[in-house]
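Notes to accompany the following structure.
Number of protein chains: 2
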Amino acid sequence: MISVAIVDDDPIVCSSIGTILTATGTAQVLWSAHDGETAVANYRRHAPDVLLIDVQMPGIDGLEAAARILRGDPDARILILTTFADPDYIRRAIDLHTKGYLIKQDVASVVPAVQAVMAGQVVLGAEVLGQLPLHVAPREGGAPGESVGEDPRFAVLTDRERGIAALVAEGLDNREIAGRLYLSEGTVRNRISDILAKTNISNRTKLAVEWLACH
Amino acid sequence: MISVAIVDDDPIVCSSIGTILTATGTAQVLWSAHDGETAVANYRRHAPDVLLIDVQMPGIDGLEAAARILRGDPDARILILTTFADPDYIRRAIDLHTKGYLIKQDVASVVPAVQAVMAGQVVLGAEVLGQLPLHVAPREGGAPGESVGEDPRFAVLTDRERGIAALVAEGLDNREIAGRLYLSEGTVRNRISDILAKTNISNRTKLAVEWLACH
DNA sequence: CGCGCATTGTGACATTTGTCACCACTGCTT
DNA sequence: AAGCAGTGGTGACAAATGTCACAATGCGCG
Chain A
1 MISVAIVDDD
11 PIVCSSIGTI
21 LTATGTAQVL
31 WSAHDGETAV
41 ANYRRHAPDV
51 LLIDVQMPGI
61 DGLEAAARIL
71 RGDPDARILI
81 LTTFADPDYI
91 RRAIDLHTKG
101 YLIKQDVASV
111 VPAVQAVMAG
121 QVVLGAEVLG
131 QLPLHVAPRE
141 GGAPGESVGE
151 DPRFAVLTDR
161 ERGIAALVAE
171 GLDNREIAGR
181 LYLSEGTVRN
191 RISDILAKTN
201 ISNRTKLAVE
211 WLACH
Chain B
1 MISVAIVDDD
11 PIVCSSIGTI
21 LTATGTAQVL
31 WSAHDGETAV
41 ANYRRHAPDV
51 LLIDVQMPGI
61 DGLEAAARIL
71 RGDPDARILI
81 LTTFADPDYI
91 RRAIDLHTKG
101 YLIKQDVASV
111 VPAVQAVMAG
121 QVVLGAEVLG
131 QLPLHVAPRE
141 GGAPGESVGE
151 DPRFAVLTDR
161 ERGIAALVAE
171 GLDNREIAGR
181 LYLSEGTVRN
191 RISDILAKTN
201 ISNRTKLAVE
211 WLACH
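Going down the list, the protein sequences come from chains A and B.
Read left to right, the first sequence gives residues 1 to 215 (UniProt numbering).
Read left to right, the second sequence gives residues 1 to 215 (UniProt numbering).
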C-alpha cells in the first residue's frame, strides 16, 4: 500500500485529499502537517512514499521545504500542489527535481497523479507546460515603469504566424522550424514571407531582433 | 468508461498494453493500429479519449501522426510512448501539446498515466525533464556588481569582427553593413563567415540572437 | 628581415532565404 | 450557396547568404 503525507495550511484541503486517497484505496495517509518546518521534521522520522505539499504556507514555503527534504533524501517523491501556475514556482519545482506540479482544482485528480509518481513518472498540471520558458528566454524588463506590452507591429499576425516568428527569434532556420512544427519547408517560407510583408520588415534577422526587443 | 486507442508497430506491445488497461478496469480499447497513417484515419472516424502512440514506426512516425491528428482535433489527448528519452523527440512532443511522453519500460505504468491524462494532467517519464533544454533565463537580480560579462563564445573574436557581429545583431543585411563600414559586400560576407566558424554558430540570425542574449 | 595576424578584396559556387502564382481544405460568415 | 480568412502545400525563380581558394596590404614582434 502506498503511503503519503499531506502538507497544506488548510486542514480542509488536507482532509479532503486524504479522504479521496483512502476512499479509493489508492494510499494511506502517514501523517499530515500545516507548515513547512513540521513537514521537514516529520519527513525525517517517517518518510512517506509520496509527499504532497502546498506552495503557499506560513513560515517556509512548500518549495523551500521540498528543497530541504531533497537535500536529505534526493530520491524523495514530492508533488507540489498549488492554486496558481506561476512560471517561477514551476521553474523552481522542476529545478528541484520534484515529481510534479499540480494545480489544485479537482481533488480527485491527485489520485492518478500519486499513482503515476509511484510508477516513476512526473506529473504536471495541464497549463504548466505552457508556462515553461522552453522557448526564448525573456529578455529582462529593462525600462522600469514601462512594460513591454506588444509591438503594434505584430498585432496583425495570426497565432500561427506569431508562433513561427517566435521560432525565427530563436535563430532556427527554415528546415528546423519545419521540423519543429511538422510543416514543409516551403510552407514555412511562405508563412515567413507573409509575416515580413505584414510587419513591413525586410528579412528574418531583423524580424528576430524586433521580436526579441518586445518579448 | 475511458476509451483508448493504441498504436505500435509491435502487436505484442499493443496487446499487452490493451490487456493491462482492460484487466485493471481502467479503460477499454477502441481500436489499435500498427502504423501512423492507419492511426490518423482511424482517429478521424473513432476518436478515443486517449491515444497511446509509439514514436518509432514504419511510414510516418508517431510524432508526425500526432501532429496530423492534433491539427484536426487540437484537444486530442495523445500520449507518446517510446523506448528512448531523446531530447529532440521530447521537445517536439511538448511543442505539439501532447499530454505526455512515457518511456516504455514497465507496461503497468501506462495505467496511472492514462488516468492522469483523463484528469487533465500531463505525464512525463522520469528522465524526461532532465533532457529538456530549459536554458536558464538570465533571471537578473543576480550579483549586482557583476554585469553579464561576455559570452566566452565571443571571446575569440577580433574587435573588427565584434563590430560586425553587433551590426548583424541590429538586423542589418550585408549590403547595409558594408555601407555602414565602407567595406565591400564580399568582405562582409567573409568576415561573417569567419565569425560563424569561430563561434560555431550556423547562421546570422542565430548569431544575432546569441549576441543580444548577452549584450 | 621574415613570420604571423588582422584586414580587405575578388570570383566562383552551393545553400538558404524570400517571392510569387496557384491549389486544396476547413471553419466561419453572409 | 458563396465568400473569406487561415492554414498547409507545390514549383519555379530571384536574391541574399555562406563557403572556399587565393591574393594583397600593413602592423607588430622576435
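Every residue, glycine too, gets a C-beta built ideally from N, C-alpha and C.
From a predicted model like this one, the values you see are computed outputs, not experimental measurements.
Practice task
Going by DSSP, name the residue or residues bridged to Leu212/B.
Solution key: Paired residue(s): none; Leu212/B is not in a bridge.
Practice task
Excluding the 5 residues preceding and the 5 following Pro58/A in the sequence, name in chain order all residues of the same chain whose CB lies nearer than 7 angstroms to its CB.
Solution key: Here Pro58/A has Asp9 and Asp35 as same chain residues with Cβ atoms under 7 angstroms from its own Cβ, once five neighbours each way along the sequence are excluded.
Exercise for the section: Starting from Gly186/A, find everything on chain B with Cβ-Cβ shorter than 8 angstroms and list it in chain order. Expected result: Neighbours of Gly186/A on chain B: none; closest Cβ ~17 angstroms, over 8 angstroms.
Practice task
Take every Cβ of the stretch 70-86 of chain A, pair it with every Cβ of the stretch 74-89 of chain B, and state whether three or more of those distances are shorter than 8 angstroms.
Solution key: With a cut-off of 8 angstroms, the stretch 74-89 of chain B and the stretch 70-86 of chain A do not count as touching, because too few Cβ pairs lie within range.
Exercise for the section: Determine, using beta carbons only, whether Arg204/A comes closer than 8 angstroms to chain B. Expected result: Yes - at least one Cβ of chain B is within 8 angstroms of the one on Arg204/A.
Practice task
With a floor of 3 residues, list each beta strand (DSSP E) that falls wholly inside the stretch 11-44 of chain A, ordered by position along the chain.
Solution key: Qualifying beta strand (DSSP E) stretches, in chain order: 27-33.
Practice task
Indicate whether Ala119/B and Asp106/A have their beta-carbon atoms separated by less than 8 angstroms.
Solution key: With respect to the 8 angstroms criterion, Ala119/B and Asp106/A are classified as neighbours on the basis of their beta carbons.
Practice task
Quick one: list the residues of chain A neighbouring Ser109/B, beta-carbon separation under 7 angstroms, in chain order.
Solution key: The contacting residues are Ala119, Gly120 and Gln121.
Problem - Proximal residues to Ser3/B (C-beta, below 7 angstroms), its chain only, five neighbours per side dropped - result: Ala27, Gln28, Leu30, Pro48 and Asp49.
Exercise for the section: Within 10 angstroms of the Cβ of Ser202/A, are there 16 or more other Cβ atoms? Answer buried if so, exposed if not. Expected result: Classification for Ser202/A: exposed.
Practice task
Compare the C-beta of Glu161/B against all C-beta atoms of chain A and say whether one is closer than 8 angstroms.
Solution key: Not closer than 8 angstroms to any Cβ of chain A, the Cβ of Glu161/B fails to qualify, so no.
Problem - Nearest candidate by alpha-carbon position, reference Lys104/B, set Glu64/B, Val123/B and Ala65/B - result: Answer by Cα proximity: Val123/B.
Exercise for the section: Under 7 angstroms Cβ to Cβ from Arg204/B, same chain only, skipping five residues before and after it: list those, please. Expected result: In chain order, Val168 and Ile192 place their CB closer than 7 angstroms to the CB of Arg204/B, counting only its own chain and leaving out the 5 sequence neighbours on each side.
Exercise for the section: Give a yes or no on whether 8 angstroms exceeds the smallest Cβ distance from Gln28/A to chain B. Expected result: So, not an interface residue.
Exercise for the section: Check whether the stretch 14-23 of chain B touches the stretch 56-71 of chain B, taking contact to mean three or more Cβ pairs, one atom from each stretch, closer than 8 angstroms. Expected result: Flag = no, the stretch 14-23 of chain B and the stretch 56-71 of chain B do not touch.
Practice task
Please name the residue, chosen from Arg153/A, Arg175/A and Leu183/A, that lies closest to Ala213/A on a Cα-to-Cα basis.
Solution key: Residue nearest to Ala213/A within the set Arg153/A, Arg175/A and Leu183/A is Arg153/A (criterion: CA-CA distance).
Handout entry: Boundaries (first-last residue) of the beta strand (DSSP E) holding Leu81/B
Key = Its beta strand (DSSP E) spans residues Ile78 to Thr82.
Handout entry: Three-state secondary structure assigned by DSSP to Gly125/A
Key = Strand at Gly125/A.
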